[in-house]
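Comments concern the structure below.
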Amino acid sequence: MTPLDAKRPLQLNHQGQLRHFLSLDGLPRELLTEILDTADSFLEVGARAVKKVPLLRGRTVCNVFFENSTRTRTTFELAAQRLSADVITLNVSTSSTSKGETLFDTLRNLEAMAADMFVVRHSDSGAAHFIAEHVSPEVAIINGGDGRHAHPTQGMLDMLTIRRHKGGFENLSVAIVGDILHSRVARSNMIALKALGCPDIRVIGPKTLLPVGVEQYGVKVYTDLNEGLKDVDVVIMLRLQRERMQGGLLPSEGEFYRLFGLTTARLAGAKPDAIVMHPGPINRGVEIESAVADGAQSVILNQVTYGIAVRMAVLSMAMSGQTAQRQFEQENAQ
Amino acid sequence: MKLSILGARVIDPASGLDTVTNLHLEAGKILAIGAAPAGFTPVQSIDASGLIAAPGLVDLNVALREPGYSRKGNIASETRAAAAGGVTSLCCPPRTKPVLDTSAVAELILDRAREAGHSKVFPIGALSKGLDGEQLAELVALRDAGCVAFSNGLKTFRNTRTLCRALEYAATFDLTVIFNSQDHDLAEGGLAHEGPTAAFLGLAGIPEAAETVALARDLLLVEQSGVRAHFSQLTSARGAAMIADAQARGLPVTADVALYQLILTDEALIDFSSLYHVQPPLRTRADRDGLRAAVKSGVIQAISSHHQPHERDAKLAPFAATEPGISSVELLLPLAMTLVEDGLLDLPTLLARLSSGPAAALRLPAGRLGAGAAADIVLFDPAASTVAGETWLSKGENCPFLGHCLPGAVRYTLVDGRISHSA
């Protein structure tokens with residue numbers, strides 16, 4: 003299919019290194035593996051008494067969140083701080099844009115403050131691409147989630163979680179359950195799993211929550227949870243937003259839980275050592291039973307820890323790729 | 068002024084004429100084709116050898132943006148751009164500010180267009196006041212002020228009974244109603260064709276059914292009311308097939324398609340470029356192929372630019388926050404010539420879809436070459452090429468074709484025998 007083949011050189015520099023991190027689409031397996039390996043090495047940093055490395059010393063990382071977030075914002079802040087960067091965080095959703103300032107102007111202003119990197123979350127699909135292409139090509143842009151399109155650092159932290167618990171991807175069955183349609187996490191996970199060689203990717207949900215043509219990601223579609231969970235190694239649950247009850251997507255939270263909620267009994271259909279993941283925040287009793295969320299197979303809190311390491315990896319790699327690109331361009335200009 | 072065009076290949080799709088000959092113009096009309104009448108002495112002669120002379124193009128939808136949106140374009144700038152694209156007659160949609168729902172607005176547009184003098188303007192009036200879909204506009208007064216048809220654009224009537232009455236009222240006076248059939252609820256919030264590309268990009272989809280459901284309703288209401296109807300801006304193969312069915316059972320409906328729908332597909336969105344953000348949306352290759360076939364067969368008898376100029380800021384935002392539309396009237400002829408170059412249409416058929424076809428759909432006094440007809444003529448060089456954007460006259464630079472080398476180059480556009488554009 004064409005969309006998956008489309009390459010996005012926008013986020014790579016002349017040597018094929020990251021200079022922005024916008025989407026996992028088009029990134030080669032080697033690069034994804036490099037991110038995971040780098041994150042692994044940063045996990046050791048997090049375990050030390052002094053948790054800092056000087057990779058981004060003197061650099062300014064600006065978290066610009068046009069959409070509310072706690073977990074993602076905090077872990078990005080921590081990641082940047084552990085890399086010794088100066089960090090500022092702006093919740094723009096409540097400030098400039100309500101005064102009529104455009105995304106374009108907001109970012110141009112921040113750029114003028116000499117930020118080296120923006121971590122951006124925005125409710126419009128494609129917002130990070132727009133910024134990297136039109137607003138601040140000199141600044142490394144990290145996508146912290148854009149609309150329904152992509153959440154690449156979440157995708158990579160999910161991959162790190164799987165690799166650390168399962169050792170690899172080659173023989174795995176992975177099920178992604180719930181609201182695939184509105185989920186940027188699901189899209190990033192499907193692309194990453196495919197690129198890393200996972201042979202059996204399943205998506206499970208009612209037709210109202212599955213995007214048209216989801217098969218293009220190389221996944222198998224299930225509308226029955228028990229069938230879809232059979233013998234899987236990994237279950238990735240997605241958050242169900244309350245507003246999905248409107249407009250006929252679902253009749254009620256209760257019916258959704260009855261059909262697609264992950265309970266202990268249902269999880270029994272998966273492999274005995276299957277792990278349960280969730281990007282958070284979880285809705286207990288809506289998509290997941292408390293006993294599962296807090297149970298032995300749950301790795302939901304590990305994901306948060308890994309998230310910091312993955313974000314450190316991505317921030318440091320993109321900063322070095324962007325710096326190399328700028329040097330390359332300067333040398334060529336001379 | 069007396070003017071002779073010498074040695075052109077004259078193609079008039081309406082009469083089937085296709086031969087190398089001369090055209091003699093006087094007092095804004097075509098006086099003769101072939102030999103000059105006795106005693107005719109032209110003030111000016113154009114050596115048109117190697118050029119094609121065709122009826123000036125007729126574009127059924129060019130947003131002039133005036134009154135109300137002058138930061139996007141104005142009557143002078145956009146009619147000037149149209150002349151450069153070979154257009155001598157154009158219709159402008161009613162979505163102005165104030166809406167074109169009163170004679171005063173129609174008169175203002177016509178006055179300014181006459182003053183600018185670049186191409187003839189035929190306004191399309193609003194079918195309902197303020198395009199609100201609730202109260203009828205004064206259709207007869209608007210007709211008397213010069214409106215050639217009536218439309219509510221993409222703002223559909225929420226109440227089917229009100230729409231039904233609007234059609235019956237229009238039918239009473241033999242007025243033409245233009246439909247942009249798109250179901251409001253199915254399209255609401257949508258940004259792109261609901262398919263793999265939109266799903267991949269995480270853009271909210273507009274399903275094909277948004278067009279076909281509305282089209283089915285509209286066709287049935289047209290049949291019941293007996294109103295003259297034109298369906299504008301078709302996007303789907305299925306929609307074109309529904310028009311073909313309606314025509315086959317004798318319903319006198321006509322249709323047009325946006326030229327860009329015959330060239331682009333939704334795959335163009337893959338880098339989130341807002342230049343490809345249009346409403347109704349670009350659809351699949353199969354849809355494009357279906358539309359092309361319908362143009363070839365004549366089910367779709369008009370190709371229009373659906374020109375929508377925008378200021379730079381309107382496209383400078385994440386995809387969802389940008390305004391839809393492409394500025395392309397200026398390239399109408401060379402862009403359409405790509406269809407001939409790609410072997411999809413022969414030249415006379417293409418010219419028919421750009422002149423006599425649209426003129427007939429809205430009963431405009433345009434689109435043909437013949438003694439006594441208005442001297443609205445385009446002269447173009449089929450062997451030359453146009454680099455899109457090398458010169459640019461429209462105020463809207465929101466054109467994805469800029470920089471492309473297109474086949475054919477407009478040399479002269481004549482309106483009422485007067486040279487409105489030359490290059």
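Chains A and B are the protein sequences, given in the same order. Position 124, counted from 1, in the first sequence is what my numbering calls 126; the numbers after and before it change by one each time, with no gaps. Position 138, counted from 1, in the second sequence is what my numbering calls 205; the numbers after and before it change by one each time, with no gaps. Note that CB positions come from ideal geometry on N, CA and C, so glycine has one too.
Under the 7 Å criterion on CB atoms, E278/B is classed as non-interfacial with respect to chain A. L270/B sits close to L258/B, with the two beta carbons spaced by under 7 Å. For M161/A, the uninterrupted alpha helix (DSSP H) segment begins and ends at 154-168. Contact annotation for F67/A against chain B: no contact, minimum CB-CB distance about 15 Å [criterion: below 7 Å]. Contact annotation, D79/B with G437/B: C-beta distance approximately 7 Å; criterion of less than 8 Å satisfied.
By the neighbour-count criterion, in which 16 or more other beta carbons inside 10 Å mark a residue as buried, H184/A falls on the buried side. Only residues of its own chain outside the window of five on either side were considered, and among them V137, S138 have a CB closer than 8 Å to the CB of R110/A, listed in chain order. Note on G475/B: 16 or more other CB atoms within 10 angstroms of its CB, so buried under the neighbour-count rule. Contact between V214/A and A266/B holds: CB atoms are separated by about 5 Å, below the 8 Å threshold. In this chain, the alpha helix (DSSP H) harbouring T279/B covers 275-292.
In the three-state DSSP reduction, E261/B falls in the coil class, being neither helix nor strand.
In this structure, the straight-line span from the alpha carbon of E103/A to that of V94/A is close to 10 Å. Using a CB distance below 7 Å, the part of the region 378-393 of chain B facing chain A consists of L383, A384, P385, F386, A387, A388, ordered along the chain.
When Cβ-Cβ separations below 7 Å define contact, D107/A makes no contact with chain B.
Residues L58, R61, D118, M119, A142 of the same chain have their beta carbon placed closer than 7 Å to that of M321/A, with the five preceding and five following residues left out of the count. The secondary-structure analysis by DSSP pairs Q111/B across a beta bridge with L70/B.
Taken through DSSP and simplified to helix, strand or coil, N228/A comes out as helix.
Taking L131/B as the centre and dropping the five residues before and after it, the same chain places the C-beta of I142, E145, C159 closer than 6 Å to its C-beta, in chain order. A residue is called buried when at least 16 other Cβ atoms come within 10 angstroms of its Cβ; Q332/A does not meet this threshold and is exposed. Within the DSSP bridge table, the entry for V188/B names L157/B as partners.
Close partners of H22/A in chain B (Cβ separation under 7 Å) are lacking, with about 13 Å as the shortest Cβ gap. Taking a C-beta distance under 7 Å as the contact criterion, Y219/A and M192/A qualify as a contact pair. Of the residues N247/B, R379/B, A403/B, the one whose Cα lies closest to the Cα of P348/B is N247/B. Within chain A, the residues placing a beta-carbon under 7 Å from that of E261/B are V214, ordered along the chain. By the beta-carbon neighbour count (other beta carbons within 10 angstroms, threshold 16), L287/B is exposed. From the listed residues Q17/A, I133/A, T77/A, the smallest Cα separation to A384/B is found for I133/A. Proximity of chain A to F339/B at the Cβ level (cut-off 7 Å) is accounted for by G128, H131, F132, in chain order. Per DSSP, the continuous alpha helix (DSSP H) segment holding K363/B begins and ends at 352-364. With fewer than 16 neighbouring CB atoms inside 10 Å of its own CB, K53/A falls in the exposed class. The alpha-carbon separation between T480/B and A388/B amounts to approximately 37 Å. Runs of the alpha helix (DSSP H) lying entirely within the region 188-238 of chain B and spanning at least 4 residues, in chain order: 206-212. Between the beta-carbon of L92/A and that of F67/A there is about 7 Å, and that keeps the pair under the 8 Å contact cut. In the DSSP assignment, S340/B falls outside any beta strand (DSSP E), carrying neither H nor E. The beta carbon of G269/B falls within 7 Å of a beta carbon belonging to chain A, placing the residue at that interface. Neighbours of A266/B in chain A, taken as residues whose beta carbon is under 7 Å from its own, are P213, V214, G215, V216 in chain order. The closest CA to that of E397/B, considering only T163/B, H251/B, H374/B, A237/B, is found on H374/B.
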